[in-house]
Amino acid sequence: MQLRWLAAASLVLLGACHREPDPPPPSSQATTAKPPLRGAIGDSALRVMLAELASSKACSMIQGQFRPLRDPERRDVVTGTLWIRRCEITNQGTRVTFHLTGNGWQWADQSKRKAGATFTVREYVKFGVDIEMPGALDIAYDDATHVVSLWFSPERTDVTFQPVGEVAVDRKGTWSSIVGALSSTFGSSPEHQARHQARDQGTQQFHTDLADGLAVTINLCTGLSRFNLGRPPQGAMQPPDAGESRAVPVELQTGALMVFGPQPAPDGMTIAVDARRGAVRIAMACAEKAEQLTQAYVAGR
544 MQLRWLAAAS LVLLGACHRE PDPPPPSSQA TTAKPPLRGA IGDSALRVML AELASSKACS
604 MIQGQFRPLR DPERRDVVTG TLWIRRCEIT NQGTRVTFHL TGNGWQWADQ SKRKAGATFT
664 VREYVKFGVD IEMPGALDIA YDDATHVVSL WFSPERTDVT FQPVGEVAVD RKGTWSSIVG
724 ALSSTFGSSP EHQARHQARD QGTQQFHTDL ADGLAVTINL CTGLSRFNLG RPPQGAMQPP
784 DAGESRAVPV ELQTGALMVF GPQPAPDGMT IAVDARRGAV RIAMACAEKA EQLTQAYVAG
844 R
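The sequence shown begins at 544 in the working numbering and counts up one residue at a time.
This is how it looks when you write it as structure tokens:
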């Protein structure tokens, strides 16, 4: 504080000891002011700037998220997890392309009859997924609710879905072993068919889930931010999902793992869980530890 005052005093003294010459009289010729930059060019540049800022912010909020996956037949029940390992965005003007890479797992309970035999898949199908979505990013702010909305509307969705590891098939019925052996001989075992079917169903499910786009919403008063599928109306936050609300049921099979978050917790965090049936072990971990655990689970370790 004292050094600032001394510096200011020195400037005052120097100014008092040195007299600048009188400025020249103003010219009688009028100067024409340049017109303000308006119109399509200026607006376009502003939209590009906002798209770049918003896409950078959105990607930093999406990467590292553990998102709940809903049962394809029961959309109100969570039966799996998607871990978004990487998010990249490229901008071309106001058009953006999302590139998401992740891993996950979802419970599968399906049976198929063939030649008097029944083949059943009842396990968590673990997978890797790579998604590329070109589209438009829109930004809105509601001054009544103080909510910023970043909406992404995809033009198309390219999905590469690949099951990780083998998909186990339970064979039942008198002819199951014979049918399975014959299928293996001719290059299409039940396990191979199950893996192929899991890939097709997983690809279609991601196409369906991403058809309505995605959104990041931020409450500027509280700092709360949420990312999820779908585009809520202007001024509305994304609704709380599994891991944040007990209104969304989660089904866990024996030996299963479910991960939610991460959530900012500078002042600590308390979790309330209602286990309706069976025993559930709940634990909190830092994001880095949760990612290590998830990697091991996907790899089958």
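Beta carbons are placed, not taken as given, at the ideal position from N, Cα and C, and that holds for glycine.
Can residue i and residue j be called in contact, C-beta distance under 8 Å?
i, j, result
"Arg628", "Val621", "no"
"Pro805", "Gly607", "yes"
"Val672", "Gly708", "no"
First and last residue of the alpha helix (DSSP H) that includes residue i?
i, result
"Leu757", "First-last for Leu757: Leu757 to Asn762, but that is the beta strand (DSSP E), not the alpha helix (DSSP H)."
"Leu795", "First-last for Leu795: undefined, no H or E at that position."
"Glu831", "Ala830 to Val841"
Report the option in the options whose CA atom is closest to the CA atom of residue i.
i, options, result
"Ala785", "Ala601, Asn771, Thr797 and Thr644", "Asn771"
"Asn762", "Tyr684, Ala842, Ala651 and Asp755", "Tyr684"
"Ala758", "Val591, Met592, Ala588 and Ile605", "Ile605"
"His739", "His642, Phe670, Pro805 and Ser768", "Phe670"
"Pro767", "Thr633, Pro783, Asp752 and Gly773", "The question names Pro, but residue 767 in the sequence shown is Leu. When each option's Cα is compared against that of Leu767, the closest is Pro783."
"Lys615", "Asp810, Leu800, Ala594 and Ala651", "The question names Lys, yet the displayed sequence has Pro at residue 615. Checked all of Asp810, Leu800, Ala594 and Ala651; the closest Cα to Pro615 is Ala651."
"Gln705", "Asn634, Leu753, Cys829 and Gln649", "Gln649"
"Leu593", "Arg665, Gly708 and Thr637", "Thr637"
"Asp752", "Pro611, Lys600 and Leu596", "Pro611"
"Arg820", "Glu631, Leu693 and Leu795", "Leu795"
"Val823", "Val841, Val793, Asp743 and Cys829", "Val793"
"Phe749", "Arg769, Thr760, Gly773 and Cys764", "Gly773"
"Thr797", "Phe695, Glu666 and Leu643", "Glu666"
"Ala601", "Trp694, Trp626 and Phe803", "Trp694"
"Ile825", "Thr633, Ala799, Ser598 and Val639", "Ala799"
"Val802", "Ser788, Thr624, Ala790 and Pro809", "Thr624"
"Trp626", "Gly811, Gly647 and Leu589", "Gly647"
"Val668", "Thr746, Ala754 and Ala828", "Thr746"
"Arg815", "Val707, Ser788, Leu836 and Arg844", "Here residue 815 turns out to be Ala, not Arg, going by the sequence shown. Of the candidates Val707, Ser788, Leu836 and Arg844, the one whose C-alpha sits nearest the C-alpha of Ala815 is Ser788."
Where DSSP assigns a beta bridge to residue i, which residues make up the other side?
i, result
"Gly678", "Val639 and Pro697"
"Arg617", "Arg617 pairs with nothing; no bridge assigned."
"Asp784", "In the DSSP output, where bridge partners are listed per residue, Asp784 has none listed."
"Gly671", "Asn646 and Gln705"
"Leu625", "Arg610 and Gly647"
"Ser692", "Ala683 and Thr760"
"Ile632", "Phe641"
"Glu666", "Ala651"
"Gly804", "Phe609"
Where does the unbroken beta strand (DSSP E) through residue i begin, and where does it stop?
i, result
"Leu772", "Ser768 to Leu772"
Using a Cβ-Cβ distance under 8 Å, would residue i count as near chain C?
i, result
"Val816", "In the displayed structure, chain C is absent; only one protein chain is listed."
Open item on the list: For the structure I just gave you, are there three or more beta carbon pairs, one from the stretch 761–778 and one from the stretch 669–688, closer than 8 Å?
Closed with: Touching, yes.
Open item on the list: Contact between the stretch 694–710 and the stretch 667–678 is defined here as three or more beta-carbon pairs at a separation below 8 Å; is this criterion met?
Closed with: These segments touch.
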